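Protein chains: 2
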Amino acid sequence: MSAAEETVGGEADAWAEVTPDAARRLLVAAVEAFAERGYHATTTRDIAGRAGMSPAALYIHYKTKEELLHRISRIGHDKALDILRTAARGEGTATERLADGVSSFVRWHAGRRTTARVVQYELDALGPDARAEIVALRRQVDAEVRGIIEDGVAAGEFDVPDVQGTTLAILSLCIDVARWFNVDGPRTPEQVGELYAGLVLRMVGAH
Amino acid sequence: MSAAEETVGGEADAWAEVTPDAARRLLVAAVEAFAERGYHATTTRDIAGRAGMSPAALYIHYKTKEELLHRISRIGHDKALDILRTAARGEGTATERLADGVSSFVRWHAGRRTTARVVQYELDALGPDARAEIVALRRQVDAEVRGIIEDGVAAGEFDVPDVQGTTLAILSLCIDVARWFNVDGPRTPEQVGELYAGLVLRMVGAH
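Chains as they are written, first to last, in our numbering: chain F, 21 to 227; chain W, 21 to 227.
Set out below in structure tokens:
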């Protein structure tokens, strides 16, 4: 994926919270390298080289390759949770909040697909402590969506025989946008978000 | 993933069409190695070692690592197309055929998740000719699902404002089962297949 495509996708300025600048450049380089070659085929030397830095300069900011993956995964999951929590706690009916959460979550997975792929496909490469932290964040993401669905069922807006299974399917549908979304394809992230919000409202039997 | 887990998932005997036995063992070893470490981090020496063979013995059957990936991807896509074509061309209403296709496709992605992940996540590693062949098979997979939906709309069974987008979403939902399905989780492949068939019928507005 080219740097321009990354910028179009909105990934280039997505790491604004990472400082100093050198640490951010290394993180962006790591995401690109992991996405292109996979975590295990990427060395810290590759990452430093992509960022125009020496391996020694990398070690000032990150002790190991796993620390880079952990940081990427943590920021990605924090953002995912933030998006869904904002939707879940917004004003409006469960129908409106679910449509808002799904369309925002889909836009994010389309726009930041390179990061999302790394975060989703390289989970097994995290060590036990990092993995436990990320799994806890994933449970919170799940709980936000489940909460909206439970609200909708309680309010008589939704008809959902299997709340846990439907929550899982909705999140899976949104996450997989990162696998197939193509900036050269016929749909914008906004259009996919709108399409998916409508399909998800059907999945929960919204009136 | 352990060999036992693979067997439980039904992956061990999934390559019966590959002969002779040595070629099949190498293919199974390649799937496991690509899934664990990624395509780029795996060498033909790793694959031969997993199969209990020498690198020289591997070259009798496969000239390159890419040839192994291509063979895996081709067999996986042929099977996916076979499953959906069988459902699409079966007897019964569009509603019955769509439910049948989705539940079969989901069971296959849950049971053969290791293969499905390799096939889906390592597409970019194929050379141009192999990739073109696989893309053509993916278009046929898409056409089978779209055909059932168009039949259902024509028969007045379904209400689908965006047939192409809904087809894409249904396939995406089923494929992503390979990412999250866990044999130690609360649901069997059959139960996920049944859940998803119901959700997909809602997505198409089945009466």
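Each residue gets a CB set at the ideal place from its N, CA and C atoms; glycine is no exception. Predicted model only: the values in this text are computed from it and were never measured.
- Proximity to Arg44/W across Ile95/W, Glu56/W, Thr62/W, Ala61/W peaks at Ile95/W, based on C-alpha coordinates.
- Note on Ser192/F: 16 or more other CB atoms within 10 angstroms of its CB, so buried under the neighbour-count rule.
- Judged by beta-carbon spacing, Leu215/W lies beyond the 8 Å limit of Asp179/F, meaning their Cβ atoms are not closer than that value.
- Between Glu52/F and Arg70/F, the C-beta gap is smaller than 8 Å, which places the two residues in contact.
- Looking from the CA of Ala130/F, the closest CA among Pro209/F, Ile169/F, His227/F belongs to Pro209/F.
- Residues of chain W whose Cβ lies closer than 9 Å to the Cβ of Tyr79/F do not exist; the shortest such Cβ separation is about 22 Å.
- The residues Leu193, in chain order, have a CB closer than 8 Å to that of Leu219/F in the same chain once the five nearest residues on each side in sequence are set aside.
- Look at the stretch 117-148 of chain W: the residues with a C-beta under 9 Å from a C-beta of chain F are Arg137, Gln140, Tyr141, Glu142, Asp144.
- Ala108/F is positioned such that its CB atom lies closer than 8 Å to that of Gly121/F.
- Three or more beta-carbon pairs separated by less than 8 Å link the stretch 159-169 of chain W to the stretch 96-106 of chain W, which places the two stretches in contact.
- The beta carbon of Arg151/F does not come within 8 Å of any beta carbon belonging to chain W, so the residue lies off that interface.
- Listed along chain F is no residue with a C-beta nearer than 9 Å to that of Thr187/W; the closest approach is about 11 Å.
- In the structure shown, Trp128/W adopts helical secondary structure according to DSSP, grouped into three states.
- Excluding five sequence positions before and after Ala49/F, the CB atoms of its chain that fall closer than 7 Å to its own CB belong to Ile67, Arg70, Ala71, given in chain order.
- In this structure Ile92/W touches Val138/W by the C-beta definition: roughly 6 Å separates them, less than 8 Å.
- Taking the CA atoms as reference points, Leu118/F sits about 10 Å from Gly112/F.
- Between Gly58/F and chain W, the shortest Cβ-Cβ separation is below 8 Å.
- With contacts defined as CB atoms closer than 8 Å, Ala42/F and Ala77/F qualify as a contacting pair.
- Note on geometry: alpha-carbon atoms of Ile80/W and Thr39/W lie some 13 Å from one another.
- Contact of Ala61/F with chain W is assigned, a C-beta pair being separated by under 8 Å.
- Under the Cβ distance rule, Asp182/W counts among the residues neighbouring chain F, one pair being separated by less than 8 Å.
- Taking 8 Å as the CB threshold, Tyr82/W stays off the interface with chain F.
- Against chain W, the CB of Ile195/F has a partner CB under 8 Å away; the residue lies at that interface.
- By the CB criterion at 8 Å, Gly205/W and Ala114/W fall outside the cutoff.
- When DSSP states are grouped into helix, strand and coil, Asp182/F belongs to the coil group.
- By the C-beta density criterion, Val155/W is exposed, having fewer than 16 other C-beta atoms within 10 angstroms.
- Per DSSP, Arg159/W is one residue of the alpha helix (DSSP H) stretching across 148-174.
- Put simply, the CB of Trp35/F is far from chain W, with every gap to its CB atoms at 8 Å or more.
- The alpha-carbon separation between Ala145/F and Arg158/W amounts to approximately 29 Å.
- One thing to note: Ile195/F has its Cβ within 8 Å of the Cβ of Gln140/F.
- Here Ser123/W is buried: its Cβ has 16 or more other Cβ atoms, across all protein chains shown, within 10 Å.
- Below the 7 Å Cβ cutoff, chain W contributes Leu219, Arg222, Met223 as neighbours of Met223/F, in chain order.
- Every unbroken stretch of the alpha helix (DSSP H) spanning 4 or more residues and falling wholly within the stretch 69-138 of chain W is given here in chain order: 75-81, 85-108, 114-131.
- Using a CB distance cut-off of 8 Å, Arg44/W does not count as an interface residue toward chain F.
- In the structure shown, the three-state DSSP call for Trp200/F is helix.
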